[in-house]
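So for the sequence shown, the numbering used here puts the first residue at 191; every next one is plus one.
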Amino acid sequence: MKRRFYKHPLALCVALIGASAPADDELAPITISGTAGSFTSLEEMASVTRIDGQAAREAVGEAVGAGGASPSMVVRNTPSVNFQSADPYGLTEVGFHETLKIRGVGQSGPASSRNINDLPVTGNPGGSKGIIDMENVAEVSIYRGAAPVDKALGFSNLPGKINLRVLAPLDELRTDYTLTAGSDAFSRVFVRQDTGKHGIASGFVSGSYSAGDKWKGEGDFERQNITGGLKLDGGQDWKAEVYAGYNEDARHTYRFFDYTTVSNFANFNQDWGTNPAKPDYYDYNRQDFIDRFLFGSVTGRVAQDIKLSFKPYVLKETGEYWFSSMNKADPSKSRVIEWMIDHENVGAVTELDWNISASSQIKAGLWLHDQQPPGPPVTQRKYLATAQGLKFDGWSVLADNERHRIISPYASWFKSFEQVDVEAGLRYVDLRLGALTAYNNTGKVAGISDPDAARAAGGVNAMASAEAKTLDAWLPFLGMNWRLDRQTSLLAHAGRTYGLDVNLFPYYYAQQAAFKAKGVSFQSLWDQLELETADNFDVGLRHVREDWYAGATLFYALHQNKQSTIYDPVVDARYPWNVADASRYGIELEAGMQLTEAWSVSGNYSWNRFRYDQDLALSSKVNLATDGKQVVDTPEHLINLGTRYRMEAWTLGADVRYVGERYGDVLNLEKVDAVTLVDVMLQYRLNRAVNVTLDVRNLFDTEYVGPISAADDAIANFTAAMNGVTGNGSQYQYGAPRSVFVSLAGQF
Numbered sequence: 191m192k193r194r195f196y197k198h199p200l201a202l203c204v205a206l207i208g209a210s211a212p213a214d215d216e217l218a219p220i221t222i223s224g225t226a227g228s229f230t231s232l233e234e235m236a237s238v239t240r241i242d243g244q245a246a247r248e249a250v251g252e253a254v255g256a257g258g259a260s261p262s263m264v265v266r267n268t269p270s271v272n273f274q275s276a277d278p279y280g281l282t283e284v285g286f287h288e289t290l291k292i293r294g295v296g297q298s299g300p301a302s303s304r305n306i307n308d309l310p311v312t313g314n315p316g317g318s319k320g321i322i323d324m325e326n327v328a329e330v331s332i333y334r335g336a337a338p339v340d341k342a343l344g345f346s347n348l349p350g351k352i353n354l355r356v357l358a359p360l361d362e363l364r365t366d367y368t369l370t371a372g373s374d375a376f377s378r379v380f381v382r383q384d385t386g387k388h389g390i391a392s393g394f395v396s397g398s399y400s401a402g403d404k405w406k407g408e409g410d411f412e413r414q415n416i417t418g419g420l421k422l423d424g425g426q427d428w429k430a431e432v433y434a435g436y437n438e439d440a441r442h443t444y445r446f447f448d449y450t451t452v453s454n455f456a457n458f459n460q461d462w463g464t465n466p467a468k469p470d471y472y473d474y475n476r477q478d479f480i481d482r483f484l485f486g487s488v489t490g491r492v493a494q495d496i497k498l499s500f501k502p503y504v505l506k507e508t509g510e511y512w513f514s515s516m517n518k519a520d521p522s523k524s525r526v527i528e529w530m531i532d533h534e535n536v537g538a539v540t541e542l543d544w545n546i547s548a549s550s551q552i553k554a555g556l557w558l559h560d561q562q563p564p565g566p567p568v569t570q571r572k573y574l575a576t577a578q579g580l581k582f583d584g585w586s587v588l589a590d591n592e593r594h595r596i597i598s599p600y601a602s603w604f605k606s607f608e609q610v611d612v613e614a615g616l617r618y619v620d621l622r623l624g625a626l627t628a629y630n631n632t633g634k635v636a637g638i639s640d641p642d643a644a645r646a647a648g649g650v651n652a653m654a655s656a657e658a659k660t661l662d663a664w665l666p667f668l669g670m671n672w673r674l675d676r677q678t679s680l681l682a683h684a685g686r687t688y689g690l691d692v693n694l695f696p697y698y699y700a701q702q703a704a705f706k707a708k709g710v711s712f713q714s715l716w717d718q719l720e721l722e723t724a725d726n727f728d729v730g731l732r733h734v735r736e737d738w739y740a741g742a743t744l745f746y747a748l749h750q751n752k753q754s755t756i757y758d759p760v761v762d763a764r765y766p767w768n769v770a771d772a773s774r775y776g777i778e779l780e781a782g783m784q785l786t787e788a789w790s791v792s793g794n795y796s797w798n799r800f801r802y803d804q805d806l807a808l809s810s811k812v813n814l815a816t817d818g819k820q821v822v823d824t825p826e827h828l829i830n831l832g833t834r835y836r837m838e839a840w841t842l843g844a845d846v847r848y849v850g851e852r853y854g855d856v857l858n859l860e861k862v863d864a865v866t867l868v869d870v871m872l873q874y875r876l877n878r879a880v881n882v883t884l885d886v887r888n889l890f891d892t893e894y895v896g897p898i899s900a901a902d903d904a905i906a907n908f909t910a911a912m913n914g915v916t917g918n919g920s921q922y923q924y925g926a927p928r929s930v931f932v933s934l935a936g937q938f
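Structure, rendered in structure tokens:
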């Protein structure tokens with residue numbers, strides 16, 4: 191059976207597959223607006239929320255405006271999503287990773303939480319996560335937990351996946367624009383020109399520029415983007431699309447604090463220093479990246495009911511992170527680190543779709559992926575801050591890493607019965623981690639700043655090197671959707687997700703003297719590295735009426751080989767290891783109602799109990815009492831409420847987000863208080879060409895703790911170990927204060 195998709199997320203709720211219902215008896219699509227009101231369709235096979243392009247633009251500021259390159263801002267009000275940002279645009283990173291968590295699980299390793307057109311174009315670390323302007327997005331989907339086997343591709347999909355479906359070239363000649371200005375000298379310009387369809391071809395080109403200051407301290411950000419698309423329509427026989435773009439992203443970062451400091455809100459406006467002779471100077475804390483990308487698809491009919499598609503992609507990224515490595519125990523050892531990144535993703539998905547009958551489909555595919563690291567980090571210079579400026583002071587990390595490779599075949603079967611749809615699939619992942627060659631970084635090498643020359647002079651550090659390693663996993667998926675009646679469906683699905691962190695190497699490299707003294711090679715640890723997997727189970731009920739809807743989802747997941755930082759008594763050192771087991775279970779409730787023709791409300795509530803299932807070793811004599819404790823940075827309660835009142839040309843809206851208390855440490859001693867944040871907007875639509883929006887975020891200027899770089903995060907602990915930090919190593923940032931933006935947008 192061919193599946194149907196609908197533009198508005200709430201239209202999905204009333205689009206039933208009912209084979210027994212005549213077409214003219216189907217419910218008409220309804221519209222219940224509100225950024226918290228996106229909803230899962232009655233016909234979905236997974237716990238997925240889909241947000242169409244218009245709703246996505248509302249989520250980031252009605253006319254896109256601020257946050258125009260942040261999908262995280264779009265999905266932050268969906269169930270079980272905890273997204274924190276130190277800036278009002280949704281651009282913050284924590285420990286060189288995204289700050290978004292789905293059901294308490296964050297994306298780690300050299301992978302991004304988001305795909306583009308179901309392709310893992312972007313990666314991590316680096317700046318590729320924001321290469322698409324939201325005006326160029328037709329739909330945003332967020333999968334929570336397991337997804338069908340042809341979805342959620344990537345180096346990791348442990349928490350689920352966000353997918354951006356690009357707005358293809360339009361058949362009509364059209365110009366879209368957005369102009370935004372706001373707090374802290376923020377400005378943004380976006381223009382897209384569609385050529386319209388000429389023969390079989392249509393295309394578009396877009397450009398955007400945004401800039402602004404940090405809301406505290408010194409520093410700013412600047413982003414430039416050019417994207418183009420071409421579509422060729424061969425009718426029923428074949429179709430092709432190709433997209434290409436160029437993105438520059440440069441920004442200064444916000445300072446992190448330990449728990450004691452961040453708990454005192456008198457430090458709310460504290461940031462990096464202004465003295466270039468000190469290692470905490472603001473300009474030593476920034477990131478600069480250039481990304482070039484290309485992706486597309488070619489689909490052709492090879493037989494009456496069989497289609498073959500080929501979807502290639504490539505991303506080339508260059509840039510660097512700069513950050514202050516502050517040694518609290520001995521400030522004279524504080525240094526400035528430059529992490530050089532030369533990153534590339536190349537891959538393709540080939541897929542065969544066979545509609546074997548009007549109600550069943552078989553799908554078989556092969557995903558091939560080749561990725562140039564990092565991670566792990568392999569080239570990091572360190573500098574001494576002096577009155578004369580930065581002085582090269584050797585290498586924090588000096589290594590070389592072969593490319594990672596993934597081969598992943600998959601197959602699925604879909605069958606629609608009279609009232610029940612069933613989908614079963616299986617994907618195999620063969621993941622080869624490239625060989626890692628470490629080089630000596632002491633002696634004369636400490637005076638050579640060129641990485642190639644330094645490697646040649648230093649020679650191979652055999653104890654810190656490792657051969658290529660292959661990991662594999664089977665990822666089954668089974669889903670069932672039972673239509674109890676035309677307004678109600680029961681959803682159940684089970685599937686496995688996986689993830690991998692590669693942060694063991696920087697830990698070993700930073701503490702190699704201790705490892706070598708005990709005769710422990712990096713290879714011996716590398717050989718024991720395992721994939722983290724999670725077995726996910728969801729059961730949900732959906733009910734839709736003409737002017738209201740409600741739904742509930744129960745979820746359970748069991749994590750094996752969860753990475754946590756452990757203590758090794760043989761070496762007397764701490765490093766990340768896949769030894770922890772954890773379980774999570776909870777419920778997601780959603781509801782919305784069209785109270786009047788003009789007024790709508792919607793919202794969701796999530797309860798998540800995500801806990802460790804055993805104690806973790808802190809030392810040779812002490813275990814951390816983590817059994818039963820909530821996993822770090824995982825609020826047990828999340829609430830989102832949204833309302834919109836539309837009258838003629840005016841729209842008034844408000845969104846309320848409640849984030850329950852969280853913990854920054856595995857013992858649940860460093861408690862971060864719950865916070866309630868309110869955003870409001872007022873929009874006036876003069877006509878199609880002129881749309882004015884006032885957007886106020888954090889209306890009551892609430893001071894709160896936002897992102898957490900938690901102590902069970904390998905990067906957080908590595909930074910702590912490298913910097914001589916005592917305690918658990920967790921670091922915190924404040925959330926952004928009240929921000930005001932005005933946007934002018936339209937199309938003609």
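Idealized CB from N, CA, C, for every residue including glycine.
Closest by C-alpha distance to Ser522, when choosing among Ser262, Asp717, Thr576: Thr576
Through-space distance from Thr464 to Met263, alpha-carbon basis: 31 Å
Is Lys406 helix, strand or coil by DSSP? coil
According to DSSP, simplified to helix, strand and coil, what is Tyr333? strand
Start-end ranges of the beta strand (DSSP E) lying completely within the segment 542–567, minimum 3 residues: 550–562
Span of the alpha helix (DSSP H) around Lys706: 702–707
Contact belief for Val265 with Ile352 at Cβ below 8 Å, rounded distance in angstroms: 6 Å
Excluding the 5 residues flanking Trp738 on each side, which residues of the same chain have their C-beta closer than 6 Å to its C-beta? Within the same chain, Trp738 has close Cβ partners Met783.
For Leu293, count neighbouring Cβ atoms within 10 angstroms of its own Cβ and tell me buried if that reaches 16, exposed if not. Sequence inspection shows Arg at residue 293; the Leu mentioned does not correspond to that position. By the neighbour-count rule (16 or more Cβ atoms within 10 Å), Arg293 is buried.
C-alpha gap between Lys497 and Trp544, whole angstroms: 7 Å
With distance defined between alpha-carbon atoms, name the residue in Ala839, Pro641, Asp823, Thr678 nearest to Ala879. Residue Ala839 is the option with its Cα nearest to Ala879.
Measuring CB to CB, does Val356 end up less than 8 Å from Leu505? no
With contact counted as at least three CB pairs below 8 Å, one residue from each stretch, are the segment 776–795 and the segment 753–763 in contact? no
Between the CA atoms of Thr569 and Ala589 - distance to the nearest angstrom: 6 Å
Cβ-based neighbour list, Trp603, same chain, cut-off 6 Å, excluding 5 preceding and 5 following: Ile552, Ala614
Between Glu722, Glu325, Ser899, His827, which lies nearest to Asp855 when the distance is taken from Cα to Cα? Ser899
Around the Cβ of Ser933, are there at least 16 other Cβ atoms within 10 angstroms (buried) or fewer (exposed)? buried
Tell me Leu616's beta-bridge partners as DSSP assigns them. Bridge partners of Leu616 according to DSSP: Ala601, Pro666.
Range covered by the alpha helix (DSSP H) that runs through Met653: Element bounds for Met653: n/a, residue is neither H nor E.
Cβ separation of Thr370 and Phe931, assumed to be a contact under 8 Å, to the nearest whole Å: 6 Å
Tell me the rounded alpha-carbon separation between Glu234 and Thr289. 27 Å
Quick check on the burial criterion: 16 or more other C-beta atoms within 10 angstroms. Buried or exposed for Gln426? exposed
Report buried or exposed for Ala557, applying the criterion of at least 16 other Cβ atoms within 10 angstroms of its Cβ. As written in the sequence, residue 557 is Trp, which differs from the Ala given in the question. With 16 or more other Cβ atoms from the protein chains shown falling within 10 Å of its own Cβ, Trp557 counts as buried.
Return the CA-CA distance between Gly402 and Ala430, expressed in angstroms with no decimal places. 38 Å
Among all the DSSP beta bridges, which residues are the ones paired with Val504? Leu484, Val536
Could you tell me whether the Cβ atoms of Pro566 and His594 are closer together than 8 Å? Their beta carbons are not under 8 Å apart, which means Pro566 does not touch His594 by this criterion.
CA-CA distance, Glu851 and Glu826? 7 Å
Assigned exposure category for Trp664 - 16 Cβ within 10 Å defines buried: exposed
Of the listed residues Phe513, Arg617, Trp585, nearest to Gly555 (C-alpha basis): Arg617
At what residue ranges does the segment 834–905 contain a whole run of the alpha helix (DSSP H), taking only runs of 4 or more? Here no run is fully enclosed.
Assuming the contact rule is C-beta atoms closer than 8 Å, Phe745 and Ala772 should be a hit. Round their C-beta distance to whole Å, please. Actually they do not touch by this definition, with Cβ atoms about 14 Å apart.
The beta strand (DSSP E) spanning Val932 covers which residue range? Start and end: 929–937.
CB-CB under 7 Å to Gly243, same chain, minus the five flanking residues each way: which ones, in chain order? Val327, Ala328, Glu329, Leu357
What residues are listed by DSSP as bridge partners for Arg799? Tyr775
By the DSSP assignment, the beta strand (DSSP E) with Val1004 in it spans what residues? In the structure as shown, the chain begins at 191 and stops at 938. Residue 1004 is therefore absent and cannot be evaluated.
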